[in-house]
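A.B. asks: In the working numbering, the protein residues as written are 271 to 383.
The C-beta atom is built at its ideal place from N, Cα and C for all residues, glycine as well.
Please find one structure pasted underneath; my questions will follow.
Here it is as structure tokens:
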């Protein structure tokens, strides 16, 4: 599989989105409702194996990736996200990202208590 940075650059060109938009979203965790951003996410997810060509989010693949940083058992909180179903591939990717980030943030906050 290609390196994530290389995939990101490919998708930047493919979708024709400004790199600043992506960098700002990563830095602030404020994910824009912008059409190009959603298309960028879908492109990136598909190239990383996190979304099928049909638009289905591949949560097990995401869990495999995140298990480098979290205990696999803790990642079960992501199962809540599987209910977020949209027809649009970009919407699916954005909703999955938001749900995963929210669940991981909640899990981390609980573990600090």
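#1: Which whole-angstrom value is the C-beta distance of residue 317 and residue 285, which I expect to be below 8 Å?
#2: Assuming residue 360 and residue 312 are in contact, meaning their beta carbons sit under 8 Å apart, how far apart are those beta carbons, in whole angstroms?
#3: Since residue 285 is in the alpha helix (DSSP H), which residue starts that stretch and which ends it?
#4: Determine the closest residue to residue 344 out of 370, 300, 301 and 283, with distance taken between C-alpha atoms.
#5: Which same chain residues, not among the five before or five after residue 330, have their C-beta less than 8 Å away from its C-beta?
C.D. replies: With the structure as the only source:
#1: By one-based count along the chain shown, residue 317 stands at place 47. By one-based count along the chain shown, residue 285 stands at place 15. Contact annotation, residue 317 with residue 285: C-beta distance approximately 12 Å; criterion of less than 8 Å not satisfied.
#2: Here residue 360 refers to the residue found at position 90 when the chain shown is read from its first residue. Here residue 312 refers to the residue found at position 42 when the chain shown is read from its first residue. Right, their Cβ atoms sit about 5 Å apart.
#3: By one-based count along the chain shown, residue 285 stands at place 15. 274-285 is the span of the alpha helix (DSSP H), which, as asked, contains residue 285.
#4: For this step, residue 344 is matched to residue 74 along the chain shown. Checking every option, the nearest Cα to that of residue 344 belongs to 370.
#5: Along the chain shown, one-based indexing puts residue 330 at 60. For residue 330, where only same-chain residues beyond five positions count, there are no Cβ hits under 8 Å.
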